[in-house]
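Structural data, given as structure tokens:
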């Protein structure tokens, strides 16, 4: 039978480590509390009823004491006979956060200081049949890091993050960021188990596509053993995929621990990112035998595909374009941060909800940002199945890092383990060395220091390791990145972070750069907004539910965050009258700003090859840049993304009109662009592009049509609009309505308004709703309006998910929204509320 194992997750005990303890028996001072594992010390205290989640949400600064104390965890267990019969018994921790000492049966097993990697310890001579006691003590991470900083001096001088954080290999955001508080914590944050190794185990399996065409694919399989007993082993490989099964055998002679082979697959079915084809996966089942006995077994899934980051020079500078299976891909995506501030509290259901939501919003790439942690295997497995490409940062962000040998050695161990864990996933398309460190060094954000501390990690160590361990993927040392080392954020040759708008207070119209300034790729840009009102109520008492209250202000962790938000909101709408309006208008402001830039970039996809907005998700209740808040409630940006990332898009190319004293800030609609970013059996799109100038009652004032014929993944030329549409006579009472029509079917739709909402003469509109049941938990909501209405939000007092939201509506049209809710008809009808921009004036 395969190797014996004992799962040690589940129920543990914990307590504050008594400072007076000198011997193991001293640990009996005070009560042990029960906690599930995996965990964070915060989730353990919540489970033990010592603190409340609601109190942390409201006042996280009151819980810094938790991170300042040492804690100890305990698990008692019996070892099954089949485990004790093995030649070696390993204690395996998939993750310990972070400064840990491990004892088994009163004997010190090891000490660890890296949150990101698994640990494996031989405990054969320590384990007993009965009454085993496993102890894990955690030191306070802040004190540990500060001691190292004092020893090696501080060289990381950032404006908003604690400088000592860089000395400990722990998720950096937990020390505080501009979207979360400082709650470092500790804990057994990933699964733990005992594994019995009879004579050998399968230590590593590397699956590579080394050649691929329409006729065949050559897959190289490298197998590494961890050998206990020197003898001959047989390894049986069974590779299965659509319509075929291939078997192969490898023989490991005595003393051998590594074998590789190449298997040819005829007529392979390829793995594609979402929107470009199917996410075909193959399975490989590996059995390790000693004689006729199976002593270890594993099963992996992989995709056959090639990936390349094309950085070849062109007439505009240098490309930055991903190519999958030779096909250039436009990256539509966002930045992913850890889904909780408490490591160990994110589960498979959380991943499924968030990643399925990402696909529904037409996202095909997520960047795992370098200030968090390397996600659990379930995250990458889901991305494999869903077709979400992963840009994977190494965990270095916004600071100098030590370049002493002890730190370099630790990073090397970390990188080797992480690369081996993730390299079989087809979803991973790029490795990146750090977040913004080269850029910040170039602009003297670190106090004008001449030495680039940590540079050897990103520019020497990591590329060298990747060339050995994962030669089929590209690596870049940093983001932003350009060919100009003195200016990493230069737009013509790499990828940029666009923070002039928002953080730099520049107006949204500054996103509309001329073609010569359109960046090749955008890794970060974004806008803040408030979370859903129900989420706010988790950290804000009823009497504090008002604009400017202390809870509302302090839950924006960026300096001047809310004042910045008020300024941009005021440009469009004037001043919000109450908190509910502030929530609604902030979300609309955020969504529209991101839409402006994404559509601008997509309309210039001959230069730009991708855009990732900051950020997709939240780790805690906060006023942040997210599209989905911490309670998984979508903001307006989420629904907007479904439209601006859609495979077919029509958008207006605009510019600010002549600005005169006391004149309204009117936009000029110069032309329209149609985009067919889809793969279809028909091979392209032949349709009509209809542009109508309407008044706010829906009456047509002018119309122009353009026949279009677009191939797969093609964009039309800019189609010039007539003068009456460029600069209408009554911009406060007119709009452009754009539709791509194919034989009566609406393939894409967009709206363009010439003025900020506060200058538009919005008519009073009557929106009617009709709700009908489809299934026990699915409903159809039909909406109609008698006037033009913008950003219509459907909200519910009971749990409900909407297929679309924050929509623009025209008179005479039916709008159908699918609602998933377990509520009864009457309750759901009473719970649904509808608002539009008109309602705030």
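Numbering (the working numbering), first residue to last: -13 to 827. C-beta: ideal position from N, C-alpha, C; glycine also.
Beta carbon of residue i nearer than 7 Å to that of residue j
{"i": "residue 583", "j": "residue 653", "result": "no"}
{"i": "residue 330", "j": "residue 162", "result": "no"}
{"i": "residue 467", "j": "residue 401", "result": "no"}
{"i": "residue 477", "j": "residue 461", "result": "no"}
{"i": "residue 605", "j": "residue 166", "result": "yes"}
{"i": "residue 565", "j": "residue 532", "result": "yes"}
{"i": "residue 420", "j": "residue 382", "result": "yes"}
{"i": "residue 688", "j": "residue 719", "result": "no"}
{"i": "residue 322", "j": "residue 602", "result": "yes"}
{"i": "residue 100", "j": "residue 85", "result": "no"}
{"i": "residue 595", "j": "residue 507", "result": "yes"}
{"i": "residue 195", "j": "residue 271", "result": "no"}
{"i": "residue 707", "j": "residue 655", "result": "yes"}
{"i": "residue 156", "j": "residue 127", "result": "yes"}
{"i": "residue 412", "j": "residue 370", "result": "yes"}
{"i": "residue 443", "j": "residue 397", "result": "yes"}
{"i": "residue 598", "j": "residue 320", "result": "yes"}
{"i": "residue 695", "j": "residue 639", "result": "no"}
{"i": "residue 231", "j": "residue 221", "result": "no"}
{"i": "residue 636", "j": "residue 542", "result": "no"}
{"i": "residue 472", "j": "residue 479", "result": "no"}
Candidates the options, of which the one nearest residue i by Cα
{"i": "residue 316", "options": "605, 62 and 306", "result": "306"}
{"i": "residue 197", "options": "205, 809 and 493", "result": "205"}
{"i": "residue 119", "options": "61, 296, 102 and 79", "result": "61"}
{"i": "residue 30", "options": "-1, 13, 44 and 48", "result": "-1"}
{"i": "residue 314", "options": "296, 301, 300 and 304", "result": "296"}
{"i": "residue 390", "options": "179, 439 and 266", "result": "439"}
{"i": "residue 351", "options": "409, 299, 415 and 324", "result": "415"}
{"i": "residue 817", "options": "-3, 787 and 637", "result": "787"}
{"i": "residue 453", "options": "110, 597, 769 and 409", "result": "409"}
{"i": "residue 686", "options": "694, 723 and 697", "result": "723"}
{"i": "residue 10", "options": "251, 121 and 542", "result": "121"}
{"i": "residue 554", "options": "543, 563 and 571", "result": "571"}
{"i": "residue 109", "options": "87, 182, 714 and 117", "result": "182"}
{"i": "residue 699", "options": "40, 91 and 591", "result": "591"}
Expected contact under 8 Å - CB spacing of residue i and residue j to nearest Å
{"i": "residue 776", "j": "residue 559", "result": "Between residue 559 and residue 776 the Cβ distance is about 11 Å, and since that is not below 8 Å, they are no contact."}
{"i": "residue 259", "j": "residue 24", "result": "With a Cβ gap of about 30 Å, residue 259 and residue 24 do not count as contacting."}
{"i": "residue 711", "j": "residue 725", "result": "That pair is no contact at about 14 Å."}
{"i": "residue 778", "j": "residue 753", "result": "7 Å"}
{"i": "residue 93", "j": "residue 112", "result": "5 Å"}
{"i": "residue 187", "j": "residue 211", "result": "7 Å"}
{"i": "residue 3", "j": "residue 89", "result": "In fact, because the Cβ distance is near 12 Å, the residues do not count as touching under 8 Å."}
{"i": "residue 289", "j": "residue 266", "result": "7 Å"}
{"i": "residue 624", "j": "residue 614", "result": "6 Å"}
Closer than 6 Å: residue i CB and nearest the ligand ADP heavy atom
{"i": "residue 517", "result": "You won't find the ligand ADP in this model; it holds no ligand whatsoever."}
Classification of residue i by the beta-carbon crowding that lies within 10 angstroms, buried from 16 upward
{"i": "residue 717", "result": "buried"}
{"i": "residue 536", "result": "exposed"}
{"i": "residue 517", "result": "buried"}
{"i": "residue 545", "result": "exposed"}
{"i": "residue 145", "result": "Low per-residue confidence applies at residue 145: pLDDT is 44, beneath 50, and the placement is therefore not dependable enough to give any value."}
{"i": "residue 54", "result": "exposed"}
{"i": "residue 494", "result": "buried"}
{"i": "residue 632", "result": "buried"}
{"i": "residue 581", "result": "buried"}
{"i": "residue 765", "result": "buried"}
{"i": "residue 138", "result": "exposed"}
{"i": "residue 207", "result": "buried"}
{"i": "residue 424", "result": "buried"}
{"i": "residue 373", "result": "buried"}
{"i": "residue 292", "result": "buried"}
{"i": "residue 641", "result": "exposed"}
{"i": "residue 379", "result": "buried"}
{"i": "residue 151", "result": "buried"}
- prompt: What runs of the alpha helix (DSSP H), each 4 residues or longer, lie entirely inside the region 475 to 532?
  reply: 519 to 522
message: Report the start-end ranges of each alpha helix (DSSP H) in the region 550 to 610 that is 4 residues or longer and not cut off at the edges.
response: 565 to 588
task: Could I get the ranges of all uninterrupted alpha helix (DSSP H) runs contained in the region 683 to 771, with 4 residues as the minimum, in chain order?
output: 709 to 712
Whole runs of the beta strand (DSSP E) within the region 312 to 350, excluding any shorter than 3 residues: 313 to 315 and 317 to 322
3-residue-minimum beta strand (DSSP E) runs that sit fully inside the region 397 to 437, ordered along the chain: 414 to 418
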